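These notes are about the structure you will find just below.
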Amino acid sequence: AAARDNLEQALKLAAEALSLAPNDLTAASLRQALAADLATLDGTYQLSGLRLITNFAGAGPTAPLLHLAVSSGTAYILGQDGRLLRYPLEASSSNASATKALDTQPPSANGEGALAPIPPEEGSGAFYLDGERRLFRYSGQTAKAVSLRGADDWLSFQAIAFREGSLYVLDSRASQVWRYLPTEGGYDSERRSILKGAQLTAATDLAIAGDVYILEAGGRVRRFVDGRESTFPQSGLTQPLVNPRRIMVGRRSQRVYVVDSGQRRIVVFSPDGAFFRQFTDDTLDSLQDAAIDEAGSKVYLVTQSGLYEANLPP
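Count along the sequence shown from 1, add 20, and you get the number used in the working numbering.
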């Protein structure tokens, strides 16, 4: 803490000196070096290899972003107007085109909808749960309706997840995560509650690994082991999460990734909640959502202006 305080004070003094002498190269160099030292102390990495996949101007979401999912060379972007757009990741900003995959019938006006990517080792594409609680599976440009039993019985839904064939639904009003085992043609099975005695009214997103991770709007991350709450202290994180949007678990590393829109960063934790690092790109105008591809060492980012790809720090 003392080292960080000293660096912040030195950086403040260097900035003041530069404000008095804007052309002082020594002060400018010192401020740059101090900022780099502070970033290193905070475990901050600048993303490298940033590439614009597509510019949203005239062809992007027409409503605020609700969710991004990436699977098998395709990005699916869901807006709050119920429109689901498909973008090929091999596209470039000069020739990228969006394929409108599906409008809900009629488009949902309640801002509901959720996506869950299907990992390559389990198939391809993504699941889409629309505002009418209908489930679809997308693969490439094709969509298939999938059976889902008892969706009208949920009190709410905020997010879905897919792992090892099972579908998981976050129902914050019921303070529960429902698990559906696969059946022929989809999920025509009795849902099962997987958490015990939890209070999840502030929950906004979930991630499923060996453990269950729940993200709350205020920045709290909750971890459940065998259905019971454990600890996730976010120890070592110097700047609290501000407006977190998404939580993910790396399938290779089991690290927990949180998209912090409020500070345009992605924060990485160990599975038990210790801060590991954070990464960002100062050139981005915003950060609305992200997706992690550990196998391909890539991170995909959605801003107000476009869809980007960058190298995932090792």
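All residues carry an ideal CB built from backbone N, CA and C; glycine is no exception.
This one's a predicted model, so the numbers in the text were calculated from it and none came from an experiment.
When the options are compared against residue i, the one with the closest alpha-carbon
i	options	result
Q259	R284, S49, M268	R284
A227	E204, I312, K32	I312
D301	L86, A330, G282, E236	A330
L332	P137, S68, E152, T221	S68
S213	E204, V232, G206	V232
S342	T221, Q254, E142	The structure shown does not extend to residue 342, since the chain spans only 21 to 334, so no value can be given for it.
L175	R243, V197, Y96	V197
G217	R272, D150, R248, S209	R248
V287	P253, R169, G63	G63
R297	D309, G282, L304, R275	R275
S91	I138, N43, R71, L45	I138
V279	S49, F244, A194, V319	V319
R154	R272, G206, R193	G206
S317	S281, R272, D305	R272
S290	E132, N43, F299, G270	G270
A352	S167, R169, A89	What the structure shows of the chain is the stretch from 21 to 334, and residue 352 is not part of that stretch, so it cannot be assessed.
R169	A37, R211, E110	R211
I267	L190, E36, Q66	L190
F295	G282, E204, L257	L257
Cutoff 6 Å; reference residue i; Cβ partners in own chain excluding five residues on either side
i	result
L122	With a pLDDT of only 43 at L122, under the threshold of 50, the placement of this residue in the model should not be trusted; the figure read from the coordinates follows. Counting only Cβ-Cβ distances below 6 Å, and skipping sequence neighbours, we find L104, A163.
P126	Because the pLDDT at P126 is just 42, under 50, the model does not fix this residue reliably, and the point stays unresolved.
A181	A136, Y188, L226, I228
T224	Q178, L235, A237
Q219	S195
S114	Unreliable positioning characterises S114 in this predicted model, as indicated by a pLDDT of 46, which lies under 50. A coordinate reading is not provided.
E132	G151
F299	Y65, L67, I286, P333
Y200	L187, Y207, S209, R211
T303	none
K32	none
Cβ-heavy atom distance, residue i to the ligand SAM, below 8 Å
i	result
E132	Looking at this structure, you won't find the ligand SAM or any other ligand, since it has none at all.
Residue burial classification, residue i (beta-carbon count within 10 angstroms, cutoff 16)
i	result
P264	buried
S117	Low local confidence applies: a pLDDT of 47 at S117 is under 50, so the model's placement there is unreliable, and no value is given.
L98	buried
V245	exposed
G308	Going by the sequence as given, residue 308 is Gln instead of Gly. With 16 or more other Cβ atoms within 10 Å, it is buried.
A129	The predicted position of A129 is uncertain, since its pLDDT is 48 and thus under 50; no value can be drawn from it.
A77	exposed
V262	exposed
R193	exposed
A315	exposed
A45	Inspection of the sequence shows that residue 45 is occupied by Leu rather than by Ala. When all chains shown are included, L45 counts as exposed.
A34	buried
S281	buried
R71	exposed
Cut-off 7 Å between Cβ atoms - residues of its own chain near residue i, not counting five sequence neighbours on either side
i	result
K120	Because the pLDDT of K120 is 46, which lies under 50, any placement of that residue in the model is unreliable, and the question is left without a value.
Y158	Y96, A121, G145, A146, Y148
S325	N75, F76, D305
P108	G93, T94
T124	Low confidence applies to T124: its pLDDT is 39, below 50, so where it sits in the model is not reliable enough to give any reading.
D172	R153
L337	Here the chain has residues from 21 to 334 only, and residue 337 is not among them.
E36	none
Same chain, Cβ closer than 8 Å to residue i, five either side skipped, listed in chain order
i	result
E184	E142
A41	A47
P202	G185, S186, L187, S209
G293	V241, R243, T251, F252, P253, Q254, S255, V276
L85	I97, L98, G99, Q100, Q308, D309, V322
E110	G93
A222	S192, E236, A237, G238, R240
S167	L155, T203, G205, G206, Y207, D208
P140	S91, S92, A315
Problem set entry | Length-filtered (3 minimum) beta strand (DSSP E) runs lying within the segment 249-290 | 264-269, 276-280, 285-289
For this session: Return the chain-ordered ranges of every beta strand (DSSP E) run that is complete within the segment 68-111 and spans a minimum of 3 residues.
Result: 68-75, 85-91, 94-99, 103-108
Exercise. In chain order, which beta strand (DSSP E) runs of at least 3 residues are fully inside the segment 128-199?
Worked result: 134-137, 146-149, 155-159, 162-168, 179-183, 186-191
Exercise. What are the complete beta strand (DSSP E) segments, minimum 3 residues, inside the segment 213-237?
Worked result: Entirely contained in the segment 213-237, the beta strand (DSSP E) runs reaching 3 residues are, in chain order, 223-228, 232-236.
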